[in-house]
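Heads up: the protein sequence lines correspond to chains A and B, in order.
Numbering (full-length UniProt numbering) for the first sequence: 1 to 525.
Numbering (full-length UniProt numbering) for the second sequence: 1 to 906.
Accompanying notes for the structure given below.
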Amino acid sequence: MELFARNFKFSSLFLSSSVILSVICTSEVPRPRGVSLSRASLYNPERNFLCFDNSKTIPFVQVNDDYCDCPDGSDEPGTSACPHGIFHCTNAGHKPMNLASSRVNDGVCDCCDGSDEYARNTITCPNICMQLGRHAREEAQRMAELVKAGKHLKAELSQRGMQLKEEKKEKLVVLEKNKEEAERVKQEKQQIKDELEAAENKALEIYRKMEDEEKKRKAEAEAAKNREEATETFVKFDSNQDGFVEISELQTRQTFDKDKNGEVSVEEARYFLNNEDAIDLEKFVTDAWPNIKPYLMMDAGLFKPPVTQEESPSEADDLQGDEADEEEAPQDEEEPDEGEDEPEQPEEAVEEPAPLPYDDETQKLVDRATFARNEFADAERAVRDIEAEINNIQDYLEKDFGPEEEFASLQGECFDYSDHEYIYKLCPFEKTTQLPKSGSMETRLGSWGRWDGPEDNKYESMLYDKGQSCWNGPQRSSKVKVVCGVTNEVTSVTEPNRCEYLFEFVTPAACREIASDVDDLHDEL
Amino acid sequence: MALNFKCVYIIVVALAITSAVDKGNFKSCEQSSFCRRLRNAKPQDADFVLNLDTLHVSDNAVEAELRNEEAEATFKFVLTSLHGNIFRVFIDEEKPLHSRYQVDGALNGELQVAKLEVLERDKEKVVVRSGDNKAVITAEPIRIEFFKNDVLVAVVNDKGLFNMEHLRPKASEGEGEAEHTKEDPGAWEENFKSHHDSKPRGPEAVGVDVTFPGALRIYGLPEHADKLALRTTQSGGLDPYRLYNLDVFEYEVDSTMALYGAIPVVYAHSDKNTVGAFWHNAAETWVDIGNSKDTNVVSSIVNLVSGHQPENTVDAHFMSESGVFDLFILMGPTPKDTVRQYASLTGVAPLPQYFALGYHQCRWNYNDEDDVINVVDNFDTNDLPVDVMWLDIEYTDGKKYFTWDPIKFAHPNAMISNLTSVGRKLVVIIDPHIKREGGYFLHEECLANDYYVKNKDGHVYEGWCWPGSSSYPDLLDPKVQDYYKGLYSLDKFHGTTSDVHIWNDMNEPSVFNGPEVTMPKDCKHYGNWEHRHIHNIYGLLYTKITYDGLIERSPDRRPFILTRSHFAGSQRYAAVWTGDNDAQWPHLQASFPMCLSEALGGMSFCGADVGGFFHNPDTELLQRWYQTGIWLPFYRAHAHIDTRRREPYLFAEDVRMRIRNALRLRYALLPLWYTLFREHETTGEPVIRPLFYVFPNDPNVVDVDNELLVGDRILARPVTEAGVSSVSVYLPGGANEFWYDVEDFKQYQGTGVITIPVTLDKNPAFYRGGSIIPRKDRPRRSSSLTHHDPYTLYIALDSNKSASGTLYIDDGQSFNYRNKKYLYLNFEFKDNTLTSSLIDKTDYPTDAWIERVVILGPPAGINKAKLNSKSLGTVSLETSYDGENRSLTVRKPGVNIREPFTLKLH
């Protein structure tokens with residue numbers, strides 16, 4: 001329904017100083033160029049024009065005279081004179097449009113009715129509103145059908161989602177009940193176990209005492225032996241037999257050449273004497289022996305420090321030839337002693353003494369307690385398993401699958417998209433990934449984060465973040481734009497910013513009633 | 001191969017993120033044999049004596065034999081007088097073992113000689129005169145004093161550092177011991193890092209010092225990320241300013257290190273006099289700078305005691321690795337004269353297309369065609385103007401230039417027409433390295449026709465660049481030039497149109513695995529020249545070929561080319577940008593001195609990547625960069641591939657609004673910028689000017705480089721400091737010089753430093769009283785769409801209540817302006833009357849008209865205006881003052897811009 005005559009071409013006369021009031025005549029309301037029907041009444045040719053912001057009053061001939069008088073641009077709705085002006089195209093047959101005044105007479109056809117370009121006859125903008133309108137209507141029709149079909153599918157999805165949710169909820173109730181039961185069993189088993197263990201403990205008391213005594217006896221024997229060994233060494237080291245082992249006495253022994261430089265320095269000797277110059281037997285046994293013993297053992301080959309063979313002192317000694325022979329002699333004497341140490345070696349690794357055999361009565365008590373312990377462990381596990389299942393379901397129930405659970409059935413599925421280099425994968429509510437076609441490793445582009453669409457529809461976009469870090473860059477992340485369609489499909493993947501991916505995913509779950517702009521369409525018709 | 005390469009590249013980038021330039025990759029003077037030799041030479045080291053018995057005098061020149069007795073070498077000395085107050089001193093070997101290289105391509109055609117007469121001659125000296133210039137040539141040792149109006153302004157070889165190493169055979173073992181002993185160990189071969197330079201010709205360096213008595217400062221020698229006024233360099237202090245075109249990764253500011261371009265011209269300036277020297281040499285060059293204010297501590301104390309003011313002196317010591325001696329002395333006497341003298345030698349930038357002055361949007365990289373279209377759509381939706389979209393290397397098919405990525409850019413024509421439908425253009429990158437890949441037409445043709453540069457052994461040189469293994473066209477070969485030009489034709493470079501323009505990057509040339517990231521000096525070019533002889537003109541030759549190629553492709557369109565590497569003369573072909581800068585405040589600050597230095601070196605069309613190339617700017621820095629960038633001739637945003645997107649529409653509305661305001665101011669002033677570019681083309685005057693250029697007699701402005709003048713009509717001092725609430729501005733000219741704040745029209749006097757408060761919205765700039773600034777105040781999506789829009793004239797009155805200004809208009813794209821299809825207007829305001837007249841007898845039909853006249857610092861009591869023109873007769877016009885009477889607006893004169901008129905205030 002076309003109500004307005006269009007194609008009012010004003011020549012470049014307009015640009016001269018003579019003022020032309022450009023009014024588009026309609027069958028109903030005359031109004032200046034670029035003014036919408038709803039604002040027509042504000043432009044009355046009979047009166048002076050008051051700028052919308054009330055800043056100024058100008059003669060009506062200065063409206064649309066291609067000079068900006070009003071700071072708000074209201075006097076030039078049909079020209080480009082004001083930097084912030086608005087030009088309204090009627091676009092009969094299609095949608096009307098408000099255009100920034102910077103688009104008026106710039107040589108580019110912006111309005112489909114061509115009304116924004118009238119100043120130069122070199123520019124002709126054909127009226128293509130009917131075509132565009134038809135197109136738009138067809139497109140709207142198509143969209144409507146798509147939405148309709150999509151909504152149908154969505155309803156199914158919703159239903160399935162809600163059903164799933166119901167099932168989960170029901171399951172949860174059952175599980176909670178089961179959990180109660182399992183907890184009760186667990187308590188019972190615990191009680192049995194506790195009772196039997198008490199009896200077992202009592203029976204074992206006597207055996208424990210015996211074992212402790214045995215342990216103590218062994219420890220004492222060990223200490224005595226150690227002391228004996230230390231004393232023996234003390235006597236051997238105390239070559240001047242003054243009752244003290246001194247620095248000089250240690251310096252003759254290559255064993256104490258810690259840095260393996262061929263001589264035992266005063267510092268080295270002092271280290272073994274617990275930082276003293278000389279020590280008596282008592283101190284030797286308690287303080288020095290723990291330092292000295294490992295070195296003696298090392299010399300005897302009983303203890304291997306973490307050094308390479310080449311650096312070991314014995315090898316170095318071998319290479320020293322005659323000079324070293326004298327010093328080696330005392331070591332040779334020691335070797336038999338160290339040979340005697342050998343049987344003691346296993347004791348170094350502390351081991352529990354073999355348990356003493358129990359009498360029949362005790363053994364019976366132990367067996368019953370063990371059985372009760374196992375029973376209790378099983379009961380405990382049963383509770384844990386149920387709890388895990390409950391947590392799973394609670395996680396599920398906490399996830400936002402849309403107001404009508406329409407996205408629920410997407411969980412657990414994955415959708416591929418492949419471009420010339422990569423295969424991308426979207427697993428809704430789980431992750432996004434990228435796999436190079438050339439094979440190698442899959443890269444995680446993000447893990448399910450949240451819905452992050454705009455406030456009015458947060459379900460338009462999903463965020464998957466905290467993906468693998470880019471080399472020397474941020475962690476990868478992906479946004480998934482979710483749009484209405486009749487299938488579930490990833491339709492494109494791009495990387496607008498380094499390491500930030502954008503997926504486009506169509507799914508019936510996203511089909512919503514399109515906000516109707518029917519009102520707009522009717523504005524000018 | 002490509003994959004391997006990717007790894008290498010990633011590592012390079014990674015280092016970038018944590019550290020700045022690795023100085024170890026580039027030579028210091030001490031690490032360069034010839035620099036060491038020349039810099040450490042004592043005045044008595046080489047005695048060069050003119051034999052005045054051999055003096056030959058002609059109308060324009062004097063010639064004589066020059067001897068280095070010690071070396072038994074004979075040279076020919078020629079001093080010529082050139083048109084426009086220029087002397088040229090030229091010295092070559094009499095009978096060189098090999099010919100020495102003479103630069104081809106920097107000078108703008110044949111030079112015009114001027115008359116010269118001998119005033120005086122004897123055995124010791126000869127005195128010649130040309131106009132009010134005089135040269136006194138002393139024979140032993142050679143030394144030339146130059147006088148302007150009998151004032152000594154320059155002395156060549158004042159310090160006796162002149163040296164020219166004659167070419168010699170390499171002494172074999174046991175022979176020439178004497179010479180050997182004093183030879184630098186690097187004279188016949190040199191190693192740097194893992195690179196060996198075979199130096200087949202041995203030592204052939206050339207150098208000289210020039211002293212400028214009386215000068216306060218010395219400027220020039222772009223390209224360096226340094227202050228505008230050159231600093232004193234000296235042994236143990238700063239390295240000399242180095243001129244050797246290099247791809248310096250993450251360069252630092254405040255440095256004398258070499259960068260991508262080399263323009264060996266200096267200007268010595270005082271409040272009384274300006275004089276210049278142009279060292280015409282394409283080889284690696286180092287220049288030591290001395291300024292007596294930094295060095296003569298003792299003598300100034302003496303002078304203080306003795307009571308008379310010492311005369312300040314500056315000097316420059318030029319040191320080049322090879323070539324003839326070719327020195328031009330630009331006799332001034334003003335900065336304007338001197339810069340124009342330089343322009344008369346090396347040429348001017350031809351008028352660019354109008355769009356080239358608009359805003360350019362670039363990024364490494366826009367991913368695909370949709371991405372490009374999306375970006376411009378977003379600019380439109382957000383009312384942000386943009387003229388040009390740019391494509392970096394990723395648009396190609398695997399870094400093979402002259403091809404498109406078959407998937408991401410499968411329909412370049414559709415993409416281009418989408419851009420051009422709103423008057424926009426596309427720029428694509430074309431680099432000189434050629435991917436060595438079987439089946440790539442360019443590589444195969446270059447290989448088949450022997451078009452590549454060779455290594456020292458005569459085999460095709462292979463280096464490493466973006467595509468991986470690459471070779472480089474031998475641009476000295478005329479056949480290669482012809483061939484390469486042809487690559488730009490529309491039937492060869494498919495998918496391009498006349499609206500596609502070219503970005504030449506990496507043309508130093510950059511070679512990732514070469515010595516100092518460039519080509520080895522012993523590579524061989526056509527004509528048996530080594531790369532060392534021509535290195536600094538490789539980029540110049542490359543852009544000349546592009547220019548010629550684009551003219552051949554689209555004879556009726558002015559080419560737009562952006563180059564990174566440049567040399568003296570590059571202005572004739574291309575615009576330049578300051579390369580890979582960093583998103584840091586010091587780099588924003590450096591953009592002014594760097595481009596001002598380029599402008600003095602002839603390259604007015606200069607800009608810096610808005611936002612900073614490396615790293616992510618914070619929003620304050622980004623806004624300030626958009627505000628600052630509008631004052632540089634080339635205005636492009638660019639960003640590294642690893643940075644976050646930063647197109648202005650991506651930010652919050654307050655940020656968007658500030659950037660929109662900056663862009664709109666840029667676009668409103670395009671008529672002025674365009675006029676200045678036209679005036680540059682006709683006069684050689686720079687489009688942007690340092691303060692000393694416009695106010696040469698003010699000794700206080702010699703160090704000011706955070707301000708610049710657009711022509712001589714606008715003084716800009718953008719905010720380039722973080723988080724400040726006020727800035728100081730130096731306003732020159734004295735009490736009778738008026739300056740008007742561009743935004744609020746507040747009037748200031750040019751009496752020195754003022755402090756003005758700033759917010760993030762404020763971008764301080766001032767109209768100069770006495771000038772008329774033509775603007776187009778209607779915002780549009782692109783500059784082409786403003787073509788028919790009306791003008792607003794801003795008339796900034798001086799203390800005599802008068803002002804004047806010019807306006808140049810043409811079709812904005814073709815060469816028709818060279819056939820008088822243009823308008824060049826003069827506006828004159830005095831005695832309350834504005835008069836418009838045509839300067840040239842030319843015409844260009846246009847619909848554009850004058851919609852408004854705004855008078856700043858207006859006379860009081862004006863009630864109306866009367867306009868008189870032939871077509872309109874006499875028309876009465878409304879006038880109105882603003883609230884504070886800072887401006888008077890004349891409503892809608894309505895006269896077509898091409899029509900002469902008078903407009904009288906009543």
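Yeah, the Cβ is synthetic: ideal placement off N, Cα and C, and Gly gets one too.
For residue i, name the three-state secondary structure that DSSP assigns.
{"i": "B:SER417", "result": "helix"}
{"i": "B:ALA41", "result": "coil"}
{"i": "B:LEU15", "result": "Summary for B:LEU15: the model assigns pLDDT 39, below 50, so the residue's position carries little reliability; its value from the coordinates is reported in the next sentence. Helix, per DSSP."}
{"i": "B:ILE795", "result": "strand"}
{"i": "A:GLN62", "result": "helix"}
{"i": "B:TRP849", "result": "strand"}
{"i": "A:ARG512", "result": "coil"}
{"i": "A:GLY446", "result": "strand"}
{"i": "B:ASN68", "result": "strand"}
{"i": "B:TYR366", "result": "coil"}
Measuring alpha carbon to alpha carbon, tell me which of the options ends up nearest residue i.
{"i": "A:LYS95", "options": "A:GLN131, A:PRO71, A:PRO83", "result": "A:GLN131"}
{"i": "B:VAL151", "options": "B:GLY214, B:PHE34, B:ASN191", "result": "B:GLY214"}
{"i": "A:GLU276", "options": "A:ASN291, A:THR286, A:GLU282, A:ILE247", "result": "A:ILE247"}
{"i": "B:LEU888", "options": "B:LEU107, B:PHE162, B:LEU872, B:GLY857", "result": "B:GLY857"}
{"i": "A:ALA224", "options": "A:VAL235, A:VAL174, A:THR286", "result": "A:THR286"}
{"i": "B:TYR244", "options": "B:ARG217, B:GLU685, B:PHE567, B:GLU204", "result": "B:PHE567"}
{"i": "B:LYS801", "options": "B:ILE850, B:ASN736, B:ILE754, B:ASN819", "result": "B:ASN736"}
{"i": "A:GLU430", "options": "A:ARG444, A:TYR422, A:HIS420, A:LYS437", "result": "A:ARG444"}
{"i": "B:GLY752", "options": "B:ASP698, B:GLU117, B:TYR794, B:VAL742", "result": "B:ASP698"}
{"i": "B:THR546", "options": "B:LEU487, B:GLY805, B:GLY579", "result": "B:LEU487"}
Run down chain A in chain order and give the residues with a C-beta less than 7 Å from the C-beta of residue i.
{"i": "B:VAL422", "result": "VAL108"}
{"i": "residue 909 of chain B", "result": "For chain B, the structure presents residues 1 to 906; residue 909 of chain B sits outside this window and is missing."}
Please classify residue i as buried or exposed, where buried requires at least 16 other C-beta atoms within 10 Å of its C-beta.
{"i": "A:TRP289", "result": "buried"}
{"i": "A:PHE284", "result": "buried"}
{"i": "B:ASN896", "result": "buried"}
{"i": "B:GLU311", "result": "exposed"}
What does residue i touch in chain B if you count any residue whose Cβ is under 9 Å from its own?
{"i": "A:PRO83", "result": "ARG664, ASP777, ARG778, PRO779"}
{"i": "A:SER80", "result": "ARG778, PRO779, ARG780, ASP789"}
I want to verify the contact list: residues of chain B whose CB lies under 7 Å from the CB of residue i, in sequence order.
{"i": "A:ASN497", "result": "ARG644, ARG645"}
{"i": "A:HIS420", "result": "ILE407"}
Is there a C-beta anywhere in chain E that falls below 8 Å from the one on residue i?
{"i": "B:ILE773", "result": "No chain E is part of this structure, whose protein chains are labelled A and B."}
Using a Cβ cut-off of 8 Å, pull out every chain A residue sitting near residue i, in sequence order please.
{"i": "B:ASP383", "result": "ALA100, SER102"}
{"i": "B:LEU785", "result": "ASP106, GLY107, VAL108"}
{"i": "B:ILE641", "result": "ARG498"}
Who are the neighbours of residue i on chain B, taking C-beta pairs under 8 Å?
{"i": "A:ARG120", "result": "HIS788, ASP847"}
Which chain A residues sit within Cβ distance under 9 Å of residue i?
{"i": "B:ILE416", "result": "Near B:ILE416 there are no residues of chain A at all, since even the closest Cβ is about 16 Å away, more than 9 Å."}
Discussion item. For the structure I just gave you, are there three or more beta carbon pairs, one from the region 219-238 of chain B and one from the region 155-171 of chain B, closer than 8 Å?
Written reply: no
Worksheet item: Between the region 68-75 of chain B and the region 35-50 of chain B, are three or more C-beta pairs nearer than 8 Å?
Response: yes
Item to complete: Would you check if the region 392-406 of chain A and the region 153-161 of chain A touch, i.e. whether three or more CB-CB distances between them fall below 8 Å?
Response: yes
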